[in-house]
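Structure first, commentary second.
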Amino acid sequence: MEEPHYEFEYAVPDEVYIFVSKGKHKSVTKMVKFQMIQNDIANLGFGDCTDHGVDFDDRVVTDNGDMERVLATVIKITATFLSKNPEVSVYITGSTAARNRLYRIIIGNNFEAISQIYKVWGYLRGTWFPFEKNVNYEAFLVSKLF
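According to our numbering, numbering within the sequence shown proceeds without interruption in unit steps and concludes at 1353.
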């Protein structure tokens, strides 16, 4: 899963990562933020920077022609976060049903490689299940294998 990705910067102690999407139309600053929602679970938030880099918008559609590279960067950032915090699991859900479906497809298409390093769970109707391809999960939980 070593896809081309953008270089990124890390902001301590906020668990915020910043990178610039350089697409066909413009350059857009993106933010990935990990926010602890339980002692051992961090929510992954991601989107275009707003408010001079203070926050992000996860509903905007940038349509910059570099979606694969942007998502590869988010995956690389998540791997970096989990390497620095191996006791933490990352909670992922899309801000829309279409984005959640996209995340499911990406995980499914790369599951063989992902499952060598990470444990992936899917959330469906109030219960967590080991990830299976082609199941329409509501959310995902990713943790590093020890």
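All C-beta atoms, glycine included, are put in the ideal place defined by N, C-alpha and C. The structure presented is a predicted model; accordingly, all values stated were derived computationally and were not measured.
Nearest to residue i by alpha carbon, out of the options?
i        : options                                : result
Gly-1252 : Ala-1305, Lys-1340, Thr-1300           : Thr-1300
Phe-1215 : Glu-1339, Val-1295, Ile-1284           : Ile-1284
Leu-1331 : Val-1268, Tyr-1224, Glu-1345, Ala-1286 : Glu-1345
Glu-1319 : Phe-1353, Glu-1294, Phe-1338           : Phe-1338
Lys-1326 : His-1212, Thr-1280, Glu-1294           : Glu-1294
Leu-1278 : Phe-1353, Pro-1211, Lys-1351, Leu-1352 : Pro-1211
Asp-1262 : Val-1227, Val-1281, Val-1239           : Val-1239
Asp-1255 : Thr-1236, Tyr-1213, Tyr-1224           : Thr-1236
Leu-1289 : Gly-1333, Ala-1249, Lys-1340           : Ala-1249
Arg-1266 : Val-1281, Lys-1291, Arg-1306, Thr-1280 : Arg-1306
Ile-1282 : Thr-1334, His-1259, Phe-1226           : Phe-1226
Please work out which residues of its chain come closer than 6 Å, Cβ to Cβ, to residue i, disregarding the five sequence neighbours upstream and downstream, and give them in chain order.
i        : result
Leu-1348 : Ser-1296, Tyr-1298, Trp-1328
Arg-1308 : none
Between residue i and the rest of its own chain, which residues show a CB-CB distance below 7 Å, the 5 nearest in sequence each way excluded?
i        : result
Tyr-1310 : Ile-1299, Gly-1301, Phe-1347
Ser-1350 : Ser-1296, Tyr-1325, Lys-1326
Tyr-1182 : Only positions 1208 to 1353 of the chain appear in the structure, and residue 1182 is not among them; the question remains open.
Between which residues of its own chain and residue i is the CB-CB distance below 8 Å, once the five residues before and five after are set aside?
i        : result
Val-1342 : Arg-1311, Gly-1329, Leu-1331, Phe-1336
Measure the beta-carbon distance from residue i to residue j and round it to whole angstroms, keeping in mind my assumption that it falls under 8 Å.
i        : j        : result
Thr-1257 : Tyr-1213 : Actually they do not touch by this definition, with Cβ atoms about 19 Å apart.
Checklist entry - Does the stretch 1308 to 1319 come close enough to the stretch 1237 to 1247 to have 3 or more Cβ pairs within less than 8 Å? => result no
Checklist entry - Fully enclosed by the stretch 1250 to 1278, which beta strand (DSSP E) runs are 3 residues long or longer? => result 1262 to 1264
Checklist entry - What are the complete beta strand (DSSP E) segments, minimum 3 residues, inside the stretch 1291 to 1337? => result 1296 to 1299, 1325 to 1331, 1334 to 1337
Next on the checklist: Within 8 Å, do at least three Cβ pairs link the stretch 1226 to 1241 to the stretch 1268 to 1283?
Outcome noted: yes
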